[in-house]
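Student:
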Amino acid sequence: MPGTSHSFELYPPRTARSAAALPAALEALAATGPEYFSVTYGASGSSTEASFDLVRQVADRTDVDVMAHLTCSCASVAGTAQLVRRLLDAGASRFLAVRGDPVEGATAGGLRSAAELVQLIHRVQAERATWGRRLPGPAGVGGTGPSRARVAVAAFVNGHPDSRGRTDHLDALLAKQIAGADLAITQLFFHPEDYAAFVDRARRWGITIPIVPGVLPVTSPARLTRMLELSGEDEPNDLAIALEVEPTDEGRHEIGVAHAARFAQALLDAGAPALHLYTFNRADAVVAVLERLGLAPAPIKETT
Ligand code: FAD
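When you line the sequence shown up against the working numbering, it's residues 2 to 305, in that order.
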């Protein structure tokens, strides 16, 4: 589907080995022409420096926009504002504002919801724009000020585990839109028909921002189990059985890629404006999915 954009989620590598493998993955992912890379952020603030390093690394190594995730975490309002400034300085040109899940033993931060964080990000940017405004004086002196970073938020196709009622997650998404969110990216889900139903409900709720589905090629039974635990989604039986009975890694890779490509195509057919691919810092599976969808240049075959 020419014209459909895609983006990739990365996380700060946790081992020296995965850090060493990252530049090659970044290069392969950047070659597919993504709209942006998003970089996750630990809820407790535990990954702060590693997230900054990765934002900087992506900004330095590629021409692709960087979307920095930021949580309400345990920082004060002033501390979170300072993080926004540092992320802008590190090269982030977009944000994903999420609440983060409460961390056991940690004291609550100054912000209580993602909607408040969206407001804070815009406030920090407004302050910076004031300082960047062109001063009167000789031609060429001063600047036009930084352009405004877009702010994305999380959406939950089948509701959020904290929802007390069936529509709490729609109220929360509407609140985030009113606070200034430009875009929503969904939590993982496994049944494509749920997407169209959710977008339809959201539109009737007054939510007008684009809702981009998150897609993960699941290439092992262990990863599927973990993703179901994290998302609270129902198991996709066909995928679970196929992965369980397949004896080889190559076979499981093919099953995961083929399933994700069918899933993504169904989402595009249902009107998805773009795809956000969860990479786990690896290029092979997500690039294969994009190739099958005709959204990435096919690999050049050796002819010797
Ligand atoms: P909010 O929008 O603030 O609210 C979450 C839910 O709580 C709402 O949907 C609603 O059901 C309920 N709720 C909120 N306010 C109210 C209210 N006033 N009354 C009633 N109910 C209410 N976590 C990280 O730690 N780091 C990351 O980098 C990260 N990246 C993510 C990326 C994506 C695309 C997604 C989908 C999630 C990500 N998360 C990340 C996870 C996220 O932090 C958790 O899912 C968290 O539990 C909810 O965050 P939120 O921004 O949706 O919160």
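For glycine and all other residues, C-beta sits at the position ideal for the given N, C-alpha and C. From a predicted model like this one, the values you see are computed outputs, not experimental measurements.
Quick one: which unbroken beta strand (DSSP E) runs of 3-plus residues sit fully inside the segment 170-243? Chain order, please.
Tutor: Complete beta strand (DSSP E) runs here, min 3: 184-187.
Student: Tell me whether residue 199 counts as near ligand 1, meaning its Cβ is closer than 7 Å to at least one heavy atom of that ligand.
Tutor: As a working note, residue 199 is residue 198 in the sequence shown. No, the Cβ of residue 199 stays beyond 7 Å of every heavy atom of ligand 1.
Student: What are the start and end residues of the alpha helix (DSSP H) that includes residue 61?
Tutor: By 1-based counting over the sequence shown, the position of residue 61 is 60. Residues 49-62.
Student: Look at residue 121 and residue 81 and say whether their C-beta atoms are less than 8 Å apart.
Tutor: In the sequence shown, residue 121 corresponds to position 120, counting from 1. In the sequence shown, residue 81 corresponds to position 80, counting from 1. Contact flag set, yes.
Student: Please check the pair residue 214 and residue 184, which I expect to be a contact at CB under 8 Å, by giving their CB distance rounded to whole angstroms.
Tutor: As a working note, residue 214 is residue 213 in the sequence shown. As a working note, residue 184 is residue 183 in the sequence shown. Not confirmed; about 12 Å, so no contact.
Student: Give me, in chain order, the residues of the same chain whose beta-carbon lies closer than 6 Å to that of residue 111; leave out the 5 immediate sequence neighbours on both sides.
Tutor: On the sequence shown, residue 111 is found 110 positions in, with the first residue counted as 1. Closer than 6 Å at Cβ, skipping near neighbours: 77 and 78.
Student: Would the C-beta of residue 90 count as close to ligand 1, meaning under 7 Å from any of its heavy atoms?
Tutor: In the sequence shown, counting from the first residue as 1, residue 90 sits at position 89. No, the beta carbon of residue 90 sits no closer than 7 Å to any heavy atom of ligand 1.
Student: Do residue 176 and residue 109 count as a contact pair if the criterion is CB distance below 8 Å?
Tutor: What you label residue 109 is simply residue 108 of the sequence shown in a count that begins at 1. What you label residue 176 is simply residue 175 of the sequence shown in a count that begins at 1. For residue 109 and residue 176, no; Cβs fall outside 8 Å.
Student: Can you tell me which of 174, 9 and 23 puts its alpha carbon nearest to the alpha carbon of residue 199?
Tutor: Here residue 199 corresponds to residue number 198 of the sequence shown, with the count starting at 1. The option with the nearest alpha carbon to residue 199 is 174.
Student: Does the distance between the C-beta of residue 157 and the nearest non-hydrogen atom of ligand 1 fall short of 7 Å?
Tutor: What you label residue 157 is simply residue 156 of the sequence shown in a count that begins at 1. Yes, the beta carbon of residue 157 sits closer than 7 Å to at least one heavy atom of ligand 1.
Student: Taking just the CA atoms, how far does residue 23 sit from residue 17?
Tutor: Translated into the one-based positions of the sequence shown, residue 17 becomes position 16. Translated into the one-based positions of the sequence shown, residue 23 becomes position 22. Approximately 10 Å between the Cα atoms of the pair.
Student: Is residue 273 helix, strand or coil by DSSP?
Tutor: One-based indexing of the sequence shown puts residue 273 at position 272. Reduced to three states, the DSSP call for residue 273 is coil.
Student: Answer with buried or exposed for residue 297, where buried requires no fewer than 16 other C-beta atoms within 10 angstroms of its C-beta.
Tutor: What you label residue 297 is simply residue 296 of the sequence shown in a count that begins at 1. With 16 or more Cβ atoms within 10 Å of its Cβ, residue 297 is classed as buried.
Student: Quick check on residue 28: does DSSP put it in helix, strand or coil?
Tutor: Position 27 of the sequence shown, counting from 1, holds the residue named residue 28. Helix.
Student: For residue 246, which beta-bridge partners are listed by DSSP?
Tutor: Mapped onto the sequence shown, residue 246 falls at position 245. BP columns for residue 246 are empty, so no partner.
Student: Between which two residues does the alpha helix (DSSP H) containing residue 292 stretch?
Tutor: In the sequence shown, counting from the first residue as 1, residue 292 sits at position 291. Counting along the chain, the alpha helix (DSSP H) containing residue 292 begins and ends at 285-294.
Student: Does DSSP classify residue 81 as helix, strand or coil?
Tutor: On the sequence shown, position 80 is the one that residue 81 refers to. Residue 81 falls in the helix class under three-state DSSP.
Student: With a threshold of 7 Å (Cβ to nearest heavy atom), would residue 102 be considered close to ligand 1?
Tutor: As a first step, residue 102 must be located in the sequence shown, where it is residue number 101. Indeed, a heavy atom of ligand 1 lies less than 7 Å from the Cβ.
Student: Need the endpoints of the beta strand (DSSP E) that residue 112 sits in, please.
Tutor: Position 111 of the sequence shown, counted from the first residue, corresponds to residue 112. Unbroken run through residue 112: none, as it is neither H nor E.
Student: At a cut-off of 7 Å, is residue 114 close to ligand 1 when judged by its beta-carbon and the heavy atoms of the ligand?
Tutor: Mapped onto the sequence shown, residue 114 falls at position 113. It does: the Cβ of residue 114 is within 7 Å (strictly closer) of some heavy atom of ligand 1.
Student: Check residue 151 in the structure and name its three-state DSSP category.
Tutor: Residue numbering aside, residue 151 sits at position 150 when the sequence shown is read from its first letter. Of the three classes helix, strand and coil, the one that applies to residue 151 here is strand, per DSSP.
Student: Report the CB separation of residue 11 from residue 284 in whole angstroms; it is logged as a contact under 8 Å.
Tutor: For the purposes of this step, residue 11 is taken as residue 10 along the sequence shown, with counting starting at 1. For the purposes of this step, residue 284 is taken as residue 283 along the sequence shown, with counting starting at 1. Wrong, their Cβ atoms sit about 11 Å apart, outside the cutoff.
Student: Quick check on DSSP: helix, strand or coil for residue 163?
Tutor: Here residue 163 refers to the residue found at position 162 when the sequence shown is read from its first residue. Coil.
Student: If you run the structure through DSSP and keep just helix, strand and coil, what is residue 45?
Tutor: Locating residue 45 in the sequence shown gives position 44, where the first residue counts as 1. Three-state result, residue 45: coil.
Student: Residue 43: beta carbon under 7 Å from a heavy atom of ligand 1?
Tutor: Along the sequence shown, read from residue 1 onward, the residue named residue 43 stands at position 42. True, at least one ligand heavy atom lies under 7 Å from that Cβ.
Student: Looking only at its chain, what residues have a beta carbon closer than 6 Å to the beta carbon of residue 240, apart from the 5 residues adjacent to it on each side?
Tutor: As a first step, residue 240 must be located in the sequence shown, where it is residue number 239. Excluding residues within five positions, the ones whose Cβ falls inside 6 Å are 260.
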